[in-house]
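Q:
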Amino acid sequence: MTTTSTSGTRPDDVRRHNRAALLRRLHVDGPSTRATLATALGLNRSTIKALVDGLAEDGVVEERVPAQRSGAGRPSLLVLPQPQAAVVLAIDIRVERAAMALVGIGGQILGRDSWRVRGSNEPREVFTKIMDYVGPLVAEQEVGPVAVGVSVPGVVRRADGFVHEAPNLHWKDVPLGAWLSHALKLPVHMGNDAELGALAEHLRGAARRADDVVYISAEVGVGGGVISNGRSLRGVGGHHIGEVGHMVVKPGGLPCYCGSRGCWETEVGERALCRALGIDEDSPVGAIVAELRALAAQGDQALERLDEFVEWLALGLGNVVNLLCPQLVVLGDLFTALPAPLVARIQETMRGRSLVSRALGGTDVVTSSLGSDAKLLGAAELAFETVLSDW
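First residue of the sequence shown? That's -7 in the numbering used here, and the numbers climb one at a time after it.
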């Protein structure tokens, strides 16, 4: 990011902007030399020195000799963010479980906890559980958060964290953001879970080098998040646009939680995968993963049991790619357990059905590198967007 002073811009504003840009760079990309930072930010070395010295005096960064040296001469010092200088509380609410973590600058998880939700996911109960777990987690780490990020599998109003609807949680019109903000006395930022999964994969996972990405995750439901030109793509009012699980692919098909029939998630969600594997639809995730691994160990012929599942998944992905034109599709959550040969077949089938993919030379399909932490880290990044801009 290059900063240029223009007429009417106050020096303090320029310095504050440059300071935030430098810290953001360290937060996302990790330790860097002053020279690398100067090149990346388009600033001269004296400006970088002043910014780094100021942040070091405030305890936000430190400079250190790299552990591995190469070449002769004095090595360049690395500028490192100090994780505990600014910590956010990340919360990931799911159908079967919830998790929370304290995350420091640079994306380091300092402490975490989780609990089961299924059977007790009434909104007030979930809120109460969150409050029960926050105190001990903060006390254990001896560091307080400065903001909160929350991931919810539903339609969330970004302005105030109002959950319009979360079908698989059976939530409707829940002011969770207001509850948390009032109770924690902290700014609370909330978003759709798949949107935040996409954000995390873009910044820290399998999509780090891609600016146009679609993230598709499967749990009880199926959701999607979109990164377009390096930014989260949202619709009217800041609402996410990735309710791909409720794209109707089979008119007259199975009933869906949302009230419609034949939604994509009825053919590729958790229950659909259980049916394809021939196990009970209410099997826990661990049993599903174990069955997939056992099937993969038996070879390609055994994987043919999942042919129809592959067809439905590739069909939906083809529609999504034709609509959004991404360079990369990242499969998350339960989809990360799909054996590599199946992922390769899904990619091949999707490419064959997508005009846009063929025009792009073949959109790649990969599995998440962050796994079950994607949405938790995405919630943290949502909180950090404001925290880092205030430096």
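In this text, a Cβ means the ideal position worked out from N, Cα and C, and glycines have one as well.
Values in this document were obtained by computation on a predicted structure and should not be read as measured data.
Less than 8 Å separating the beta-carbons of V212 and G234?
A: Against the sequence shown, residue 212 aligns to sequence position 220. Against the sequence shown, residue 234 aligns to sequence position 242. Their beta carbons are not under 8 Å apart, which means V212 does not touch G234 by this criterion.
Q: Using C-beta distances below 6 Å, list every residue in its chain close to V166, excluding the 5 sequence neighbours before and after it, in chain order.
A: The count along the sequence shown starts at 1 and reaches residue 166 at position 174. Closer than 6 Å at the Cβ level, and outside the excluded window around V166, lie P115 and V155.
Q: Assign E134 to one of three DSSP states: helix, strand, or coil.
A: Counting from one through the sequence shown, the residue named residue 134 turns up at place 142. E134 falls in the coil class under three-state DSSP.
Q: Helix, strand or coil for Y125 per DSSP?
A: Numbered from 1 along the sequence shown, position 133 holds the residue referred to as residue 125. In the structure shown, Y125 sits in a helix (DSSP, three-state: H, G or I).
Q: Pick from V236, V44 and L191: whose alpha carbon is nearest that of I220?
A: Numbered from its first residue, the sequence shown carries residue 220 at position 228. For clarity, residue 220 is Ser in the given sequence; the question names Ile instead. When each option's Cα is compared against that of S220, the closest is L191.
Q: Any contact of the segment 145 to 154 with the segment 167 to 185, i.e. 3+ C-beta pairs under 8 Å?
A: Yes: at least three Cβ pairs fall under 8 Å.
Q: If you count every other CB in all the chains shown that lies within 10 Å of the CB of A386, and 16 or more means buried, which is it?
A: An answer regarding residue 386 cannot be provided, because it is not within the stretch -7 to 383 covered by the chain.
Q: By alpha-carbon positions, which one of A93, C266 and D299 ends up nearest to E283?
A: Counting from one through the sequence shown, the residue named residue 283 turns up at place 291. Ranking the options by Cα distance to E283, first place goes to C266.
Q: With a 10 Å radius around its C-beta and 16 neighbouring C-beta atoms as the bar for buried, classify Q293 as buried or exposed.
A: For the purposes of this step, residue 293 is taken as residue 301 along the sequence shown, with counting starting at 1. Q293 should be labelled exposed.
Q: Using three-state DSSP, classify N10 as helix, strand or coil.
A: Indexing the sequence shown from 1 puts residue 10 at position 18. DSSP places N10 in helix when its eight states are reduced to three.
Q: Taking the beta carbon of S349 as the centre, do at least 16 other beta carbons fall within 10 Å, making it buried, or is it exposed?
A: In the sequence shown, counting from the first residue as 1, residue 349 sits at position 357. Its Cβ being crowded by 16 or more others within 10 Å, S349 is buried.
Q: Just the Cα atoms here: how many angstroms apart are A77 and G51?
A: Taking the first residue of the sequence shown as 1, we reach residue 77 at position 85. Taking the first residue of the sequence shown as 1, we reach residue 51 at position 59. Those two C-alpha atoms are separated by around 7 Å.
Q: Look at the alpha carbon of D356 and the alpha carbon of P73, and state the distance between them as a whole number of angstroms.
A: Counted from its first residue, the sequence shown places residue 356 at position 364. Counted from its first residue, the sequence shown places residue 73 at position 81. Cα to Cα, D356 sits roughly 33 Å from P73.
Q: V313 lies in the alpha helix (DSSP H); which residues open and close that run?
A: Residue numbering aside, residue 313 sits at position 321 when the sequence shown is read from its first letter. Taken as a continuous stretch (DSSP letters only), the alpha helix (DSSP H) holding V313 covers D299 to L316.
Q: Let me check one thing: in DSSP terms, what residues is G215 bridge-paired to?
A: Here residue 215 refers to the residue found at position 223 of the sequence shown. In DSSP, G215 forms a bridge with S209.
Q: Would DSSP call W383 helix, strand or coil?
A: By one-based count along the sequence shown, residue 383 stands at place 391. Here W383 sits in coil by DSSP.
Q: To the nearest angstrom, report how far apart R17 and P276 are at their CA atoms.
A: Taking the first residue of the sequence shown as position 1, residue 17 is located at position 25. Taking the first residue of the sequence shown as position 1, residue 276 is located at position 284. Approximately 40 Å between the Cα atoms of the pair.
Q: Roughly how far, in whole angstroms, is the beta-carbon of V79 from the beta-carbon of L94, given that I think they are within contact range, below 8 Å?
A: Position 87 of the sequence shown holds residue 79. Position 102 of the sequence shown holds residue 94. Contact flag correct, Cβ pair sits at about 5 Å.
Q: Go ahead and label D309 buried or exposed: buried means 16 or more other beta carbons lie within 10 angstroms of its beta carbon, across all protein chains shown.
A: In the sequence shown, counting from the first residue as 1, residue 309 sits at position 317. First, the residue type needs correcting, since residue 309 is Leu and not Asp in the sequence shown. Burial call: buried.
Q: Are the CB atoms of V205 and G237 nearer to each other than 8 Å?
A: Mapped onto the sequence shown, residue 205 falls at position 213. Mapped onto the sequence shown, residue 237 falls at position 245. No. Outside cutoff.
Q: Tell me M92's beta-bridge partners as DSSP assigns them.
A: As a working note, residue 92 is residue 100 in the sequence shown. I83 and D105.
Q: Taking a contact to mean a Cβ-Cβ separation below 8 Å, would you say V358 touches V302 in this structure?
A: Taking the first residue of the sequence shown as position 1, residue 358 is located at position 366. Taking the first residue of the sequence shown as position 1, residue 302 is located at position 310. No, they are not a contact pair.
Q: Let's see if you can read the secondary structure: which residues bound the alpha helix (DSSP H) around P73?
A: Indexing the sequence shown from 1 puts residue 73 at position 81. Taken as a continuous stretch (DSSP letters only), P73 belongs to no alpha helix (DSSP H), being part of the beta strand (DSSP E) at L70 to P73.
Q: For P247, name the three-state secondary structure that DSSP assigns.
A: Along the sequence shown, one-based indexing puts residue 247 at 255. Reduced to three states, the DSSP call for P247 is strand.
Q: Classify E296: buried if its beta carbon has 16 or more other beta carbons within 10 angstroms, exposed otherwise.
A: Your numbering for residue 296 matches position 304 in the sequence shown. E296 should be labelled exposed.
Q: Would you kindly check if the distance between the Cβ of E259 and the Cβ of V240 is under 8 Å?
A: Taking the first residue of the sequence shown as position 1, residue 240 is located at position 248. Taking the first residue of the sequence shown as position 1, residue 259 is located at position 267. No.
Q: From G197 to G216, what does the alpha carbon distance come to, in whole angstroms?
A: Against the sequence shown, residue 197 aligns to sequence position 205. Against the sequence shown, residue 216 aligns to sequence position 224. Distance between the alpha carbons of G197 and G216 is about 16 Å.
Q: Got a sec? Which residues, its chain only, sit under 7 Å from V118 by beta carbon, not counting five neighbours each side?
A: As a working mapping, residue 118 is identified with position 126 in the sequence shown. Correct list, in chain order: I85, A90 and V109.
Q: Just how far apart, CA to CA, sit A366 and R8?
A: Against the sequence shown, residue 366 aligns to sequence position 374. Against the sequence shown, residue 8 aligns to sequence position 16. If you take the alpha carbons of A366 and R8, they lie about 30 Å apart.
Q: If you follow the beta strand (DSSP E) that H156 is in, where does it begin and where does it stop?
A: Walking along the sequence shown from the start, residue 156 turns up at place 164. Start and end: F154 to A158.
Q: Helix, strand or coil for S24, going by three-state DSSP, please let me know.
A: In the sequence shown, the residue the question calls residue 24 occupies position 32. The answer is strand: DSSP assigns S24 an E or B state.
Q: For D299, tell me which candidate among G278, A329, P333 and R200 has the shortest Cα-Cα distance.
A: In the sequence shown, residue 299 corresponds to position 307, counting from 1. Checked all of G278, A329, P333 and R200; the closest Cα to D299 is P333.
Q: Within the same chain, show all residues whose beta-carbon is closer than 6 Å to that of G99, passing over the 5 residues directly before and after it, in chain order.
A: On the sequence shown, residue 99 is found 107 positions in, with the first residue counted as 1. Closer than 6 Å at Cβ, skipping near neighbours: R196.
Q: Who are the near neighbours of L43 in its chain, counting only those whose CB is closer than 7 Å to its CB and skipping five residues on each side?
A: Numbered from 1 along the sequence shown, position 51 holds the residue referred to as residue 43. Counting only Cβ-Cβ distances below 7 Å, and skipping sequence neighbours, we find N10, R11 and L14.
Q: From what residue to what residue does the alpha helix (DSSP H) around D292 run?
A: One-based indexing of the sequence shown puts residue 292 at position 300. Note, D292: alpha helix (DSSP H), D292 to L295.
Q: Out of curiosity, what's the CA-to-CA distance linking A184 and P67?
A: The residue labelled residue 184 in the question sits at position 192 within the sequence shown. The residue labelled residue 67 in the question sits at position 75 within the sequence shown. At residue 184 the sequence reads Asn, which differs from the Ala that was named. Going by the C-alpha atoms only, they are around 44 Å apart.
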